[in-house]
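**Q** Below you will find the structure I want to go over with you.
Protein chains: 2
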Amino acid sequence: MTRTISEVARVLGVNVETIRFYERKRLITQPNKPITGFRHYPNKTVDRIRFIKRAQGLGFTLDEVANLLSLDDRPCSQVQDLAEQKLSAVKEKLASLRRLEEVLQSLLALCHNNNDESCCPIIHSLQP
Amino acid sequence: MTRTISEVARVLGVNVETIRFYERKRLITQPNKPITGFRHYPNKTVDRIRFIKRAQGLGFTLDEVANLLSLDDRPCSQVQDLAEQKLSAVKEKLASLRRLEEVLQSLLALCHNNNDESCCPIIHSLQP
DNA sequence: CTTGACTCCGTACCATGGTACGGCATTTAA
DNA sequence: TTAAATGCCGTACCATGGTACGGAGTCAAG
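Protein chains in written order, with the working numbering: chain C, 54 to 181; chain H, 54 to 181.
In structure tokens:
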């Protein structure tokens, strides 16, 4: 089954411009244009865009997705490497966000115990 | 004490261009230029840039920092509001990263138990 | 008094992931 | 058959947080 670009976009819930953008980024190949008429997008392309969106959902950047796609028929160990790198990046980000949460929470606690509206502990904490 | 832009940059460990960028963004005011010669940056500006960098460290965007700076002499409750918004954004991001961590971890577990190098469970999970 | 280092300023460019627009071609429904 | 709706394509633009560059002016050391 083949579809026009806007049908593909509708089916996948993405913007038409996003599909064009992926073509420009060579994440998908643009179907040949018939001598006259509109391009037809094969199911393979639809699946590929779905793949891209899922991988993005796993936190991969488009560059990394390109990498994954090129690894399609490659040894599992290479994909694993990429995923492991991603996982440690995620763990680092989690750690730093947890610290941030802590700091914000304790600053807000100070605010709650503060009676002087004109002097904010948060502003104070940011000053030298 | 006053300093040239590159001394300020060195003291703060930031790029000279970053200081100019903050001036363009009106996060700091550019000191008056002497009739002849180079600008001198007062300590007040150095402190302000330090404030910006600390607030960034708390996860505030430059727009939010501008907001904080404008709230400098304002009621604590307004700063609190901003910080509370930030905190819930952080909590949301934490939740979504935790989910991501889970998914990556279980996909990697599948890889570890996989004997078929040519068929990767991760690639498989991304396909329709 | 020259040379090298620094400043000033406007402007352009970087990554990231898209979004928007304008003008023309084509298709589809009335 | 004709008008509205889509497609095609190049290009420009969005936010975010800077970084780089080129050609002046200026300063400080030798």
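For glycine and all other residues, C-beta sits at the position ideal for the given N, C-alpha and C.
Starting from residue 167(C), find everything on chain H with Cβ-Cβ shorter than 7 Å and list it in chain order.
**A** Those are 129, listed as they occur along chain H.
**Q** In chain H, which residues lie with their C-beta within 7 Å of the C-beta of residue 194(C)?
**A** Any question about residue 194(C) goes unanswered here, given that chain C covers just 54 to 181.
**Q** Just how far apart, CA to CA, sit residue 119(H) and residue 129(H)?
**A** Cα to Cα, residue 119(H) sits roughly 16 Å from residue 129(H).
**Q** Touching or not, the stretch 134-152 of chain C and the stretch 140-153 of chain H, by the rule of three or more beta carbon pairs under 8 Å?
**A** Because the criterion of three Cβ pairs below 8 Å is met, the stretch 134-152 of chain C and the stretch 140-153 of chain H touch.
**Q** Strictly under 8 Å for the Cβ-Cβ distance: is residue 146(H) near chain C by that measure?
**A** Yes - at least one Cβ of chain C is within 8 Å of the one on residue 146(H).
**Q** Report the neighbours of residue 137(C) on chain H: residues whose CB is nearer than 7 Å to its CB, in chain order.
**A** Under the 7 Å cutoff, chain H gives 161.
**Q** To test your reading of the DSSP string, which unbroken alpha helix (DSSP H) runs of 4 or more residues are found completely within the stretch 115-159 of chain C?
**A** If we require 4 residues or more, the alpha helix (DSSP H) runs fully inside the stretch 115-159 of chain C come out as 115-123.
**Q** For chain C, find out if any of its Cβ atoms is closer than 8 Å to the Cβ of residue 76(H); answer yes or no.
**A** No, residue 76(H) does not count as interfacial toward chain C.
**Q** Anything in chain H within Cβ reach of residue 154(C), meaning under 9 Å, just list it in chain order.
**A** Those within 9 Å of residue 154(C) in chain H are 140, 143, 144, 147.
**Q** Does the beta carbon of residue 96(C) fall short of 7 Å from some heavy atom of the ligand SAM?
**A** The ligand SAM is absent from the structure shown, which contains no ligands of any kind.
**Q** Using a Cβ distance threshold of 8 Å, determine whether the stretch 65-73 of chain C contacts the stretch 102-116 of chain C, with at least three qualifying pairs required.
**A** Contact between the stretch 65-73 of chain C and the stretch 102-116 of chain C is present, because at least three Cβ pairs lie under 8 Å.
**Q** Look up residue 95(H) in the DSSP assignment and give the residues it is bridged to.
**A** BP columns for residue 95(H) point to 55(H).
**Q** Consider the Cβ of residue 151(C): report whether some Cβ of chain H lies at a distance smaller than 8 Å.
**A** Yes, because at least one Cβ of chain H sits closer than 8 Å to the Cβ of residue 151(C).
**Q** So with Cβ pairs under 8 Å, would you call residue 175(H) a contact of chain C?
**A** By this cut-off, residue 175(H) is an interface position.
**Q** Going by alpha carbons, who is nearest to residue 134(H) out of 61(C), 80(C), 170(C), 99(C)?
**A** Of the candidates 61(C), 80(C), 170(C), 99(C), the one whose C-alpha sits nearest the C-alpha of residue 134(H) is 170(C).
**Q** In terms of residues, what are the limits of the alpha helix (DSSP H) holding residue 179(C)?
**A** Element bounds for residue 179(C): 174-179.
**Q** If you measure between the beta carbons of residue 176(H) and residue 125(C), is that distance less than 8 Å?
**A** Yes, the Cβ-Cβ distance between residue 176(H) and residue 125(C) is below 8 Å.
**Q** Thinking C-alpha only, which one of 178(H), 76(H), 172(H) is nearest residue 127(C)?
**A** Cα-wise, what sits closest to residue 127(C) is 172(H).
**Q** Please report how far the alpha carbon of residue 122(H) lies from the alpha carbon of residue 61(H), in whole angstroms.
**A** One C-alpha to the other measures close to 20 Å.
**Q** Going along chain H in order, which residues have a C-beta closer than 7 Å to the C-beta of residue 170(C)?
**A** Ordered by position in chain H, the residues that pass the 7 Å Cβ test against residue 170(C) are 128, 129, 130.
**Q** Starting from residue 71(H), trace the alpha helix (DSSP H) in both directions and tell me its first and last residue.
**A** Residues 69-77.
**Q** Chain H partners of residue 115(C), CB-CB under 8 Å?
**A** Near residue 115(C) there are no residues of chain H at all, since even the closest Cβ is about 14 Å away, more than 8 Å.
**Q** Is the Cβ of residue 109(C) closer than 8 Å to any Cβ of chain H?
**A** No, residue 109(C) does not count as interfacial toward chain H.
**Q** In chain C, which residues lie with their C-beta within 7 Å of the C-beta of residue 134(H)?
**A** Within chain C, no residue comes near residue 134(H); the closest Cβ sits about 10 Å away, beyond 7 Å.
**Q** Between the Cα of residue 140(H) and those of 97(H), 113(H), 87(H), spot the shortest distance and give me the residue it belongs to.
**A** Nearest C-alpha to residue 140(H): 113(H).
**Q** How many angstroms separate the CA atom of residue 137(H) from the CA atom of residue 161(C)?
**A** Their backbone Cα atoms lie some 8 Å apart in a straight line.
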